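Peer 1:
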Amino acid sequence: GVGPTPSLAKIRDEVFGSETSLKSQIESCSHGQLVIEPFSGPTSGKFNHEIIGGVVEIGIQTNPYGKNDKRMENDAIYAASYVFGNMEAQFDLVLFVMPPGISPAFAAYAYVRTPFSFYSNSAIENAMVLMHEVGHNLGLEHSGEGDYQYGDASGYMGYSEVDDPRMCFNAVNNYQLGWYSKLSIKPTSEDGYGGTFYITGVDGYDPSDTTTFVTIRLEQETMASDYYVGYNKAEGINSGTQNDGDKVIVFTKDGAVDE
1 GVGPTPSLAK IRDEVFGSET SLKSQIESCS HGQLVIEPFS GPTSGKFNHE
51 IIGGVVEIGI QTNPYGKNDK RMENDAIYAA SYVFGNMEAQ FDLVLFVMPP
101 GISPAFAAYA YVRTPFSFYS NSAIENAMVL MHEVGHNLGL EHSGEGDYQY
151 GDASGYMGYS EVDDPRMCFN AVNNYQLGWY SKLSIKPTSE DGYGGTFYIT
201 GVDGYDPSDT TTFVTIRLEQ ETMASDYYVG YNKAEGINSG TQNDGDKVIV
251 FTKDGAVDE
């Protein structure tokens, strides 16, 4: 059969390794508040199939050449569910690494607020792609600039051509994730809201400091969009940010905080 080019050991290192992996970046960017661990043990399927170290190979009958991603996705989920049982009930994240040959070609995609993401062959080897897709699993949407929906390269929910950049998420995402100190104010309220506010980059976050914020939301009570302000300090866990490093960035976002 045809399998992905990266070995199981390589995939395990990209997801759970100690250097610029999904696990290391999530743990660093959340300051240890979110830790991804490999599942090990028997699963709930009829065979009680055991998974060791969070990565397992599963075969399907479908030849990938010329098949589209949705066909391969459906067949992979069906086979995995048959062997392992209800995956959503057992796992917080499920990453499928697909073999080459799927047409039309794709890099990766994920479903927002579900455990599932899908990677075309060696795309799993890029932390930029991993963090972007798992960001969708965590409820985050694309971060654009102008007319380009991936245009904000200051964080993982945009897009950068650089492999494995050491960075985190932007101010909108940080507010939604709730990993850092944040403040929401209504500068247009009738009684006004003035004052001086201090912000820091994600690397400088100190949970004991209640006077400095990583992200500030400016609620616009009569408008569809709110403003989010963050300091994109290019140091430490965010040293590889690909756009507007060491600058204060203001974002707009429509709808509720968690939409």
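Residue numbers for the sequence shown follow full-length UniProt numbering, so the first one is 1 and each next one is one higher.
Here a beta-carbon is modelled for each residue, glycine too, at the ideal position from N, C-alpha and C.
Just so it is clear, the structure is predicted and the values come from calculations on it, not from any experiment.
1) For a test of the three-state rule: what should DSSP assign to residue 50, helix, strand or coil?
2) Pull up the CB-CB distance for residue 308 and residue 203, whole angstroms please, since I reckon it's below 8 Å.
3) I need the straight-line Cα distance from residue 24 to residue 33, nearest angstrom please.
4) Go ahead and label residue 187 buried or exposed: buried means 16 or more other beta carbons lie within 10 angstroms of its beta carbon, across all protein chains shown.
5) Considering Cα atoms alone, identify which of 205, 252, 5 and 1 is closest to residue 142.
6) Rounding to the nearest angstrom, what Cα-Cα distance links residue 22 and residue 30 in this structure?
7) By the DSSP assignment, the beta strand (DSSP E) with residue 15 in it spans what residues?
8) Have a look at the DSSP bridge pairing and note the partners of residue 212.
9) Distance, Cα to Cα, residue 123 vs residue 195?
10) Should residue 117 and residue 95 be called a contact, given that it needs their Cβ atoms to be closer than 9 Å?
11) Is it true that the CB of residue 238 sits closer than 9 Å to the CB of residue 167?
12) Tell me where the alpha helix (DSSP H) around residue 172 begins and ends.
13) Would residue 44 and residue 68 qualify as a contact pair, given that the criterion is a beta-carbon distance under 9 Å?
Peer 2: Result, derived from the coordinates:
1) Translated into positions along the sequence shown, residue 50 becomes position 50. It is a strand residue.
2) Residue coverage of the chain in this structure runs from 1 to 259, which leaves residue 308 outside it and unanswerable.
3) Taking the sequence shown and counting its residues from 1, one reaches residue 24 at position 24. Taking the sequence shown and counting its residues from 1, one reaches residue 33 at position 33. Going from the Cα of residue 24 to the Cα of residue 33 covers about 12 Å.
4) Taking the first residue of the sequence shown as position 1, residue 187 is located at position 187. By the neighbour-count rule (16 or more Cβ atoms within 10 Å), residue 187 is not buried but exposed.
5) Residue 142 sits at position 142 when you count from the first residue of the sequence shown. With distances taken between Cα atoms, residue 142 lies closest to 252.
6) Mapped onto the sequence shown, residue 22 falls at position 22. Mapped onto the sequence shown, residue 30 falls at position 30. Cα-Cα distance, rounded: 12 Å.
7) Taking the first residue of the sequence shown as 1, we reach residue 15 at position 15. No beta strand (DSSP E) holds residue 15; the alpha helix (DSSP H) holding it covers 8–16.
8) Position 212 of the sequence shown holds residue 212. Paired residue(s): 198.
9) Position 123 of the sequence shown holds residue 123. Position 195 of the sequence shown holds residue 195. Cα to Cα, the separation comes out at about 46 Å.
10) Residue 117 sits at position 117 when you count from the first residue of the sequence shown. Residue 95 sits at position 95 when you count from the first residue of the sequence shown. Closer than 9 Å, so yes.
11) For the purposes of this step, residue 167 is identified with residue 167 of the sequence shown, where counting begins at 1. For the purposes of this step, residue 238 is identified with residue 238 of the sequence shown, where counting begins at 1. Yes. Within cutoff.
12) Working through the sequence shown from its first residue, we reach residue 172 at position 172. 171–177 is the span of the alpha helix (DSSP H), which, as asked, contains residue 172.
13) Within the sequence shown, numbered from 1, the residue matching residue 44 stands at position 44. Within the sequence shown, numbered from 1, the residue matching residue 68 stands at position 68. Their beta carbons are not under 9 Å apart, which means residue 44 does not touch residue 68 by this criterion.
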